[in-house]
Amino acid sequence: MSINGFAWFSRSQIRACTAILLSLLVWGLSATSSWAQTACPYATLRLDTAQAVDREAICQAAQAWSDRGYQMLVYLTDRPFSTEDEWFAHLDQVESEAGLRDLSQPDSFEKAGFAIEAQTAAANGALRVSVTYGEALYD
């Protein structure tokens, strides 16, 4: 079944992705640190932010992907990046640390990998959001 031309995503995959993105983008303004991370069996959550983030909601949204065999990464950072190239080089490193990318191979990403990455405040005030996925989602 295709949804608005996105034939490679099922309806439940679209809902799960939307839930994860909304959980990332709609966080409280609390200044509590997110370094004290709780474990999520369905995704790697790397939340390098002072923003309050509902880890449980993100973890629950990732379950549908995990149940289908996808390796999930959700990354949120407050770190500033001056250029788009710097942002993507950093994401390559984060994805490598999460086991989704092999930096020794050009353009490699885990076949069943799925990463949602966001920066809370870019230098120009815009929010940067990246979604990276492996070949298993091409079909």
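Sequential numbering of the sequence shown, starting at 3, is according to the numbering used here.
The beta-carbon is built from N, C-alpha and C at its ideal position, and this holds for glycine as well.
Since the structure is predicted, the reported quantities are computational estimates derived from the model, not experimental observations.
Host beta strand (DSSP E) of residue i (start-end)
i	result
residue 144	Residue 144 is absent from the model: the chain starts at 3 and stops at 141.
residue 116	115 to 121
residue 135	130 to 135
Extent of the continuous alpha helix (DSSP H) run through residue i
i	result
residue 73	First-last for residue 73: 73 to 79, but that is the beta strand (DSSP E), not the alpha helix (DSSP H).
residue 62	57 to 69
residue 86	86 to 99
Selection from the options that minimises the alpha carbon distance to residue i
i	options	result
residue 75	54, 130, 63	63
residue 138	61, 71, 44, 88	71
residue 132	108, 77, 107	77
residue 46	107, 108, 97	97
Whole-angstrom distance between residue j and residue i, CA atom to CA atom
i	j	result
residue 68	residue 85	32 angstroms
residue 130	residue 102	20 angstroms
residue 42	residue 58	8 angstroms
residue 60	residue 140	23 angstroms
residue 110	residue 135	11 angstroms
residue 116	residue 123	23 angstroms
residue 65	residue 114	14 angstroms
residue 54	residue 89	22 angstroms
residue 44	residue 120	19 angstroms
Assumed close pair residue i, residue j - CB separation to whole angstroms, cut-off 8 angstroms
i	j	result
residue 105	residue 94	6 angstroms
residue 112	residue 73	6 angstroms
Across the stretch 42 to 56 and the stretch 78 to 90, are there enough close Cβ pairs to call them in contact, namely three or more that are closer than 8 angstroms? yes
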